[in-house]
Amino acid sequence: MIDKRVADPEQAVAGVADGATVMIGGFGEAGSPIELIHALIDHGATDLTVVNNNTGSGEVGLAALIRAGSVAKMICSYPRSTNSTVFPDLYRSGRIELELVPQGTLAERIRAGGAGIPGFYTPTAVGTELAEGREQREFNGRGHVLEHALTADLALIKARVADLHGNLLYNRTARNFSPLMAMAATTTVVQAAEVVSPGEIDPEAVVTPGIFVDRVVHVGSPAHESDLVARGVTYP
Amino acid sequence: MIDKRVADPEQAVAGVADGATVMIGGFGEAGSPIELIHALIDHGATDLTVVNNNTGSGEVGLAALIRAGSVAKMICSYPRSTNSTVFPDLYRSGRIELELVPQGTLAERIRAGGAGIPGFYTPTAVGTELAEGREQREFNGRGHVLEHALTADLALIKARVADLHGNLLYNRTARNFSPLMAMAATTTVVQAAEVVSPGEIDPEAVVTPGIFVDRVVHVGSPAHESDLVARGVTYP
Amino acid sequence: MTSAPVGLSREQMAARAARDIADGSYVNLGIGMPEMIAQFIPEGCEVILHTENGLLGMGPSPDDGYGDPELINAGKRQVTALPGASYFHHADSFAMIRGGHLNLCVLGALEVAANGDLANWSTGGDSIPAVGGAMDLVSGVKAVYVMTSHCTRDGTPKLVESCTYPLTGVGVVDRIYTDLAVVDIGPDGFEVVDLTAGVSFDEVAALTAGPIRDARSTEVER
Amino acid sequence: MTSAPVGLSREQMAARAARDIADGSYVNLGIGMPEMIAQFIPEGCEVILHTENGLLGMGPSPDDGYGDPELINAGKRQVTALPGASYFHHADSFAMIRGGHLNLCVLGALEVAANGDLANWSTGGDSIPAVGGAMDLVSGVKAVYVMTSHCTRDGTPKLVESCTYPLTGVGVVDRIYTDLAVVDIGPDGFEVVDLTAGVSFDEVAALTAGPIRDARSTEVER
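Chains as they are written, first to last, in the numbering used here: chain A, 1 to 236; chain B, 1001 to 1236; chain C, 2001 to 2222; chain D, 3001 to 3222.
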């Protein structure tokens, strides 16, 4: 019987190597898999390239991973947030690299990585400094930039419900990048607040089909980043 | 109050011009919007380019549209089916044009059209006659073909449930190309077996958001193509 | 230098912009001042709000204690979902944007040039660069409106001959709502199509650093 | 010419291929003979079937009277959905294929060349060209297996030096299940890794029109 569960977050992130590319779901705190990120900090992998829309807040979750010195490079669209000082400090002192990507281009590059499309053309950013030096081409009389797919070794995803096959449902705007990242990573790891048997999720409503998921760990009451930050929690 | 309903299939297809490109949902009979296709035949538009995975069967639905002489060109992946003679006869006698596209490339070209991506690279068909004379490029040491987006003036779509905003649910494998076509057409017309008020469809389960839908017509008991063919029905 | 004319408050600017949004439009409102437009949509006009982090049919902030930290808008503020809403992932959300399915977006600005160039994502220099969805919105949405004070706090015009800050998009702006006027981008530069009560065209022109003409006579009566 | 050796029936070929599918695999079975493999998946082995028209977790044909003409497989035959199934649109379905998420597909063939070229979509000439998802499958799925009679009905080899029919993909085939043998594509051509009981390597070689060697000794014992 197919059963993709692992016992705990530690086992969920086992095997990630130094230098790996890790996609982390979430837009701000919505969909941020904090327990998996903390397990990744404990694991100790270094020199990571991390793909996320933002760079975390406070000193928990993604911000804590960055503060731990695990991240060599961030690929994101918006590395500033309220209560975000960890990334800005490292960036200003030249200790972390940033690849800034327009948000829709970031999403599409991740989808392309998951869909076996190595490159595509987009009008976004044409004429701006983010397109400088980039290969461009006209379609229908309009300039477009060639963008390349993004893939990852590992994706860390937060879901509301998973079944044992890895079929996923999300919570509202916590969905954001997660279904795309699940497609684009060699190993996709999901923390789910609820884990159910196959057949308990309506097949018409599945958002991420199980084929994109490798490991499921039950995290029944996931922390909210804003709660932790408000309480002054730091990790570890 | 937003209410995208129109009274009947005739009003649903009103305004389509000769020479238009029309995307028609469905894979075989699953998801084929027969009542809308018949309304398009009645409308009388000619010289159409039609995008569908197949070319219909018997002498109803898409096959009837082709038989009526309305279609100048088909863009599809598999123009042969059981009980399909209309397209083959016209094709052999040189009276209809065919653009044959691998099924996944067809789907991706339609999605690209809806997503504002004018071109993308795919490994599919490299080294085959379907890639001959096409622009190619290597990514990661592997050949890829440049494919262009497909868009349409009109999309005809069959849904199981629509709300007044045009949010859609489909029936099982009747989903196929329809969500993509809804994105790629200037005017997207939906026949739905059930029409409900906004809020009656779970926002987590919506497959096609209403932004992609322009007109909804209630067709409570849609015909099944195989039933019509078995009964020897021809349209008109 | 004469004293600056007294313009609209932020609320009045939002209300002025809201008047021009067509019934049934799909609209993305930028973080900050543009968000306020949602409160001023006229009775009888139904506008469906898109937030690029994956929601169509966004409603107002939740009542205290009823929020979900995972139901937020692009500014990461808690919101609600109205009947008829839908959730979707980021690739679908930006397919809506890039594919031209949204009727309108309203954004803030650092500068708008007379040819419609927009600068609103970076002040250059030492700040941490952060672009978000701004470049996607301006390149994809059918109509791009800007809502901004006519000048900076120190009185420097924000409507300029050409932008000095890094661009968000080239020739993308269609219309600008300021505290002093409603200004379209025309073939020859800025075109004033409406003036705030008590403000003259000459006053607006004096506070604008690019070619500007009075186009009020050509505007259709409301 | 000697008489052809007696090979496996279609059912036996399907059962032979089914033996090699790993537990937990995601598999796409081509229309026709490959579809039969589903009936022979061994007890205790769970394989999730993908059909490119938008279903993972495809089950067998429905009982009479319980079918839905809108729940079909790629061959347009009515099927069922098993617990844990999911429906999705065509772009997502081919993202699974092109993106390398399927472990295995099994397809029919007109010809397979010694370098792994596959021809299975067109006999050329006057027939209506129809490709379906075959080119997507062979270019995207991690392992591509072919299931075919070793020769055509008139005894012409289908395993050839190079294909004469239009190609579906270049160098894409990993393994071939025929009525006579299991043949891998190796660096120097066909490699027989298993023989049907009562069939000799020499008999298989005589019915193969490309470089072939006996690789049974290098195969891991089962």
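In this text, a Cβ means the ideal position worked out from N, Cα and C, and glycines have one as well. No experiment lies behind these values; they were computed from the predicted model shown.
- Item | Pairwise C-alpha distance: B:R1175 and B:V1161 | Each residue's alpha carbon lies about 12 Å from the other.
- Task: Starting from B:V1196, follow the beta strand (DSSP E) in both directions and report where the run begins and ends.
- Result: A1185 to V1196
- Distance, Cα to Cα, C:P2211 vs C:E2191? 9 Å
- Would you please state the rounded distance, in angstroms, between the beta carbons of C:E2203 and C:K2158? I believe it to be under 8 Å. With a Cβ gap of about 15 Å, C:E2203 and C:K2158 do not count as contacting.
- Cβ-Cβ distance between A:F212 and A:A182 below 9 Å: Contact flag set, yes.
- Query: Which same chain residues, not among the five before or five after B:I1201, have their C-beta less than 7 Å away from its C-beta?
  - Reply: V1161, D1163, N1167 and L1169
- Message: Tell me the rounded alpha-carbon separation between B:P1118 and A:F139.
- Response: 7 Å
- List the residues of chain A whose Cβ lies closer than 7 Å to the Cβ of D:H3101, in chain order. The contacting residues are I211 and F212.
- Could you spell out where the beta strand (DSSP E) holding C:E2048 opens and where it closes? The question names Glu, but residue 2048 of chain C is Ile in the sequence shown. Segment I2048 to T2051, the beta strand (DSSP E) holding C:I2048.
- DSSP state of A:V86 mapped onto helix, strand, coil: helix
- Message: Buried or exposed, going by whether 16 or more other CB atoms sit within 10 Å of the CB of D:R3010?
- Response: exposed
- Message: Any C-beta of chain A within less than 8 Å: which residues of the region 2043 to 2058 of chain C qualify?
- Response: T2051, E2052, N2053, G2054 and L2055
- Query: What are the boundary residues of the beta strand (DSSP E) that includes B:M1074?
  - Reply: V1071 to C1076
- Task: Quick one: residues in its chain with C-beta nearer than 6 Å to the C-beta of B:V1217, no 5 flanking neighbours on either side, listed in chain order?
- Result: The beta carbon of B:V1217 sits closer than 6 Å to those of V1006, P1009, A1012 and Q1191, all from its chain and outside the five residues before and after it, given in chain order.
- Where does C:P2157 fall in DSSP's three states? strand
- Message: Could you compute how far the alpha carbon of B:T1049 sits from the alpha carbon of B:A1030?
- Response: Their Cα atoms are separated by approximately 21 Å.
- Anyone know if the C-beta pair for B:T1234 and B:A1064 falls short of 9 Å? yes
- Item | Straight-line gap, B:A1131 to D:H3090 (C-alpha atoms, nearest Å) | 21 Å
- Taking Cβ positions only, does D:Q3078 come closer than 9 Å to chain A? Not closer than 9 Å to any Cβ of chain A, the Cβ of D:Q3078 fails to qualify, so no.
- Pairwise C-alpha distance: D:A3095 and C:D2214: 53 Å
- Query: Which ranges would you report for the alpha helix (DSSP H) in the region 2044 to 2089 of chain C if only whole runs of at least 4 residues count?
  - Reply: none
- Just mark C:K2076 as buried or exposed, buried being the case when its beta carbon has 16 or more other beta carbons within 10 Å. buried
- Task: Measure the CB-CB distance between B:E1135 and B:L1150 and report whether it falls below 9 Å.
- Result: no
- Task: Identify whether C:A2197 lies in helix, strand or coil by the three-state DSSP scheme.
- Result: Note: C:A2197 maps to coil in three-state DSSP.
- Using 8 Å as the Cβ pair cut-off and three pairs as the minimum, do the region 3042 to 3056 of chain D and the region 3078 to 3088 of chain D touch? yes
- Message: Once the 5 residues before and after A:Q58 are set aside, which same chain residues still bring their CB inside 6 Å of it?
- Response: The residue you asked about is not Gln; residue 58 of chain A is Gly in the sequence shown. Here the set comprises N83 and V229.
- Task: Give the DSSP-derived three-state secondary structure of C:A2215 in the structure shown.
- Result: coil
- What separation, rounded to the nearest whole angstrom, lies between the Cα atoms of C:P2060 and C:P2042? In this structure, the CA atom of C:P2060 is about 15 Å from the CA atom of C:P2042.
- Residues, ordered as in the chain, of the region 1152 to 1178 of chain B that lie near chain A by beta-carbon distance below 9 Å: R1160, L1169, Y1170, N1171, R1172 and R1175
- For A:E108, which residues in chain C fall below 7 Å Cβ to Cβ? A2091 and F2094
- Anticipated Cβ contact below 8 Å, B:V1016 with B:H1043, distance rounded: 6 Å
- Query: For A:M1, which residues in chain D fall below 8 Å Cβ to Cβ?
  - Reply: E3046
- For B:I1024, is the beta carbon positioned less than 8 Å from some heavy atom of the ligand MG? The ligand MG is absent from the structure shown, which contains no ligand whatsoever.
- With a cut-off of 9 Å, does the C-beta of B:L1180 fall near any C-beta of chain A? no
- Query: Candidates C:Y2066, C:E2035, C:G2044 and C:P2187: which alpha carbon is nearest C:H2050's?
  - Reply: C:E2035
- Message: Can you give me the C-alpha to C-alpha distance between A:T85 and A:T55, rounded to a whole angstrom?
- Response: If I take the Cα positions, the gap works out to 9 Å.
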